[in-house]
Amino acid sequence: MKREVRAVLLVLFGAAALRISLFSDAYVRYVREYMRPYLIAGGLVLVGLGLAGAFIAVRSQLQQQAEKQQVEDADAHADDGHGHAHGGPRSAWLLVLPVLAIFLIAPPALGSYTAQRSANSVAKPATSNSFPALPKGDPLVMQLADFDVRAVWDDSGALKGRRVKLTGFVTPKKGGGWYVSRLTISCCAADALTYKVQVSGIAAPPTDAWVEVTGVWQPGGQVKRDDAIPVMKAQQVKRIAQPHNPYE
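Okay, so the sequence shown: first residue is 1 according to our numbering, each after it adds one.
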């Protein structure tokens, strides 16, 4: 790979990292929020290295062209005593490329495509025999992952009869029906885990739509399995905007 191409790629990658982390909050689609300073620092380093590489490449080309010009002038002088005009360095177009980075379009966060093709991830917690008491509230607002773990592994029946509100996106269920889903990440989108709750009683909103589902857990479904999917009898489904951070 030529030095000029490496420099351009470094600048583009660095500018893209800065665009999603320094100039917007789109970075939360791919990594945890605490990683923002690292993305900014990495973007600045890449842009700096790319610009330095571009400068060195341009200077090297200018020197080579100057030396070539001197040789040609000497040859021409020896032949007829006349010089020849030459165009300026064509590598100047590299200076325009970093501007193109601002037009890069960041892809969306992971959604129903990933959730539909992933098994539920309800691993047995270490404290499965001593879940803390559920807080008061009607409806009780819970993270979807917490609801899944409770429904699958809590033997106390604390969820029975409790109205719960969950937030997530709509994922179609093979064979009919739908799930309200949420993804969790430990570091970045590459290690995302899927949590799903099957919703009954209300027709599915559009795929990937973000919703608040209020309803009651339906006991008697799959339990004591890492891939179990609880069922909720929905009483209300409300369309909402995508949260600032799409991951739990």
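For each residue, glycine too, the CB sits at the ideal point set by N, CA and C.
What you are looking at is a predicted structure, and each value in this text was computed from that prediction instead of being measured.
Using CA atoms only, rank isn't needed, just tell me which of the options is closest to residue i.
i, options, result
"M142", "V11, K124, A66, V197", "V197"
"P172", "K165, S181, D148, A241", "S181"
"R6", "R29, Y30, S21, A57", "A57"
"D148", "Q65, E67, V164", "V164"
"G168", "R150, P139, P205", "P205"
"H244", "R150, L166, W210, A41", "W210"
"D155", "L144, R36, L166, T127", "T127"
"S112", "S60, E72, A192, K136", "A192"
"E4", "G220, E33, S60, K160", "S60"
"G137", "V199, R117, L159", "L159"
"Y179", "S200, S24, F23", "S200"
"G221", "W153, S186, G176", "W153"
Could you give the distance in angstroms between the alpha-carbon of residue i and the alpha-carbon of residue j?
i, j, result
"A282", "Y38", "Since the first residue shown for the chain is 1 and the last is 248, residue 282 is missing from the structure and cannot be characterised."
"Q235", "I202", "8 Å"
"P139", "V223", "23 Å"
"N120", "T184", "11 Å"
"A241", "V231", "24 Å"
"L166", "G50", "46 Å"
"P125", "A228", "14 Å"
"A92", "E33", "Because A92 sits at a pLDDT of 44, beneath the cut-off of 50, its placement in the model cannot be relied upon, and the point is left open."
"D130", "E248", "The sequence shown places Ser at residue 130, not Asp. Cα to Cα, the separation comes out at about 23 Å."
"L18", "K233", "44 Å"
What residues match up with residue i in a beta bridge as DSSP calls it?
i, result
"Q236", "T214"
"C188", "V31"
"K196", "S181"
"F169", "S181, W210"
"R163", "V216"
"V231", "Q198"
Tell whether a beta-carbon distance below 7 Å holds between residue i and residue j.
i, j, result
"G14", "G43", "yes"
"P246", "A109", "yes"
"V170", "T214", "no"
"C188", "V28", "no"
"A151", "W217", "yes"
"E212", "K238", "yes"
Apart from the five residues just before and just after residue i, which ones in its own chain have a Cβ nearer than 7 Å to its Cβ?
i, result
"H123", "For clarity, residue 123 is Ala in the given sequence; the question names His instead. Within the same chain, A123 has close Cβ partners D226."
Excluding sequence positions up to five away, which residues of its chain have a Cβ less than 8 Å from the Cβ of residue i?
i, result
"S21", "Y27, R36, L39, I40, G43"
If I measure Cβ to Cβ from residue i and keep anything under 6 Å in the same chain, skipping five residues before and after, which residues do I get?
i, result
"R162", "L140"
"K2", "none"
"S118", "T194"
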